[in-house]
Structures are given as structure tokens and as C-alpha cells.
Ligand code: ADP
Ligand code: MG
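Residue numbers (the numbering used here): 251 to 495.
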């Protein structure tokens with residue numbers, strides 16, 4: 251059984267079909283790329299999966315259980331994480347404190363005991379930082395980090411709930427090509443080490459073809475192709491709709 255099974259998912263905004271009867275599966279332990287031109291419906295699809303939006307129709311099965319329309323925090327508790335933006339407000343906090351705060355955020359009963367709880371979560375936070383290669387920078391303020399390093403901290407924060415499914419909406423936007431490759435190589439390593447499944451969107455076709463196990467192509471809310479990278483690359487409709495040739 252697939253970890254994620256999206257079935258006939260639809261969402262309209264004021265008469266515009268942002269997502270129109272879209273179905274696909276993501277087996278456990280795979281990286282699935284969702285691609286398509288701007289406005290294709292990629293972010294809407296993410297928002298429907300993690301509960302930020304309710305679908306008009308369709309189902310989102312997570313390990314067989316329909317989570318469509320559930321409150322976002324319930325979906326998060328079921329093991330669906332999304333890469334955080336480390337907001338400017340946390341720029342003055344250290345890398346370690348940001349990850350500790352993420353760990354605390356889903357252990358609400360500990361909030362009152364911030365100090366003792368934060369210190370007992372230090373080892374857990376450091377372990378996550380080790381995994382994303384940021385342990386050496388744990389004491390630095392997030393606000394002074396390089397962009398690619400902030401993205402690694404975001405990844406550690408997303409992993410703080412030990413997710414089964416990680417959603418990454420344009421994780422490498424604004425990055426230099428080498429940083430893109432590094433972040434996605436790290437993600438790929440986490441997929442194999444933790445048995446994680448990843449759904450990601452990405453504009454760089456180099457990154458998509460290098461890291462995706464399978465690709466789904468959306469155009470104007472509809473799924474126009476899906477398959478392994480080589481077959482998608484050859485698909486005539488994809489070339490026309492997406493690559494313009
Ligand atoms: P993508 O992420 O592929 O660029 P989106 O999912 O953001 O595409 O958008 C798909 C379509 O839905 C676009 O036409 C967009 O304008 C529209 N849309 C997305 N979110 C909203 C919203 N909250 N309200 C109204 N229209 C929206
Ligand atoms: Mg988008």
C-alpha cells in the first residue's frame with residue numbers, strides 16, 4: 251500500500267479550478283516531484299494534503315486513512331510535516347533554540363516548563379542538527395546564517411516530529427545551483443536513512459531529474475502526465491505544456 255494516495259482531489263477558487271480531479275500515489279521511501287508552470291495547482295495540492303485547505307471533492311489517504319479536511323494540527327500529528335520558513339522573529343534565536351522550540355511545539359504540555367523541557371530536549375535537537383550537518387553551528391543565531399544553512403535548519407525543524415511524509419514546496423527557491431544539489435542530496439540521504447517519503451516541487455529540471463523517483467506533471471489544475479523521470483521527459487504533452495517545445 252502507498253503511504254500517500256491522493257484520489258480525485260479538486261479545489262476551486264471563485265470558479266477557477268486550481269486542482270481538478272487529480273489522483274496519484276506516493277509509495278513509502280520515495281521522492282515524488284510535483285512539477286508544472288506557475289499557477290498549475292502545486293501549492294494548492296500541498297495545502298490540501300496538510301490541511302491548510304479543505305478540498306471540494308476527493309480524498310487524501312495517508313496509510314489508508316482519509317485525512318482530507320482534517321485540521322492541520324491533526325494531520326501534523328499523524329506524521330505529515332512541511333518545511334518551515336524560519337521566520338525573521340526567530341532570527342535572534344540560535345540554531346539550537348529554533349530546533350528545541352520546534353520539538354517543544356508539538357509537546358504542548360511541556361510549554362509551562364520551558365526551561366527544564368528545553369534543556370532535556372537539547373540532545374534530541376543536537377541529534378537532528380547532526381543529521382542535517384548543522385551541529386557545528388548550533389550556537390549561532392539563525393539570523394546570521396547563509397541561506398542554504400537556514401534551509402538545513404528548517405529541515406531539522408520539520409523532522410522534529412519524526413514525520414512519515416515530508417512536503418517541500420519549492421525548497422530550493424532562491425538558491426545557487428550548488429546549494430540546490432546539496433540540499434536535495436541531504437534530503438535524499440534522509441529518505442534512505444529514515445524511510446521518509448517526500449513530495450516536493452521544484453523549478454530546476456536538473457534537480458527534478460537528478461533526485462525524483464517519480465514525477466507528476468500538473469497544468470492548469472489537471473494532471474497531464476506521471477511516471478519515471480525518463481518517460482516524463484519524453485512525453486509530448488509535457489514538452490508542449492511545460493518545456494514549451
Ligand atoms: P502553483 O503553486 O503551481 O504555482 P497554486 O496552487 O498556487 O499554483 O495556484 C493555482 C491556481 O489557484 C492559480 O490560478 C491561483 O491563482 C489560484 N489560487 C491559489 N490559491 C488561491 C487562493 N487562496 N485564492 C484564490 N485563488 C487561489
Ligand atoms: Mg506554488
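Note that the Cβ used here is the ideal one computed from N, Cα and C, for glycine as well.
- Residue list for the ligand ADP: 263, 268, 288, 289, 290, 291, 292, 293 and 294 (CB closer than 5 Å to any heavy atom, chain order).
- Beta-bridge partners assigned by DSSP to residue 432: none are found.
- In the structure shown, the three-state DSSP call for residue 331 is strand.
- In this chain, the alpha helix (DSSP H) harbouring residue 406 covers 397-408.
- Per DSSP, the unbroken alpha helix (DSSP H) holding residue 376 starts and ends at 372-381.
- According to DSSP, residue pairing for residue 386 in a beta bridge does not occur.
- Distance from the CA atom of residue 340 to the CA atom of residue 346, rounded to whole angstroms, is 11 Å.
- Per DSSP, reduced to three states, the secondary structure at residue 419 is coil, with no helix or strand assignment.
- If you look at residue 349, you'll find it in the alpha helix (DSSP H) that goes 345-355.
- One thing to note: residue 272 has its Cβ within 7 Å of the Cβ of residue 473.
- The straight-line gap separating the alpha-carbon atoms of residue 300 and residue 284 is approximately 15 Å.
- DSSP, reduced to helix, strand and coil, places residue 322 within a helical segment of the structure shown.
- In the assembly as shown, residue 447 is a buried residue. Its beta-carbon has 16 or more other beta-carbons within 10 Å.
- Within 10 angstroms of the beta-carbon of residue 487 lie fewer than 16 other beta-carbons, which makes it exposed.
- One thing to note: residue 398 has its Cβ within 7 Å of the Cβ of residue 429.
- Here residue 306 carries a coil assignment [DSSP, helix/strand/coil].
- Under the 10 Å beta carbon count, residue 266 is surrounded by fewer than 16 other beta carbons and is classified as exposed.
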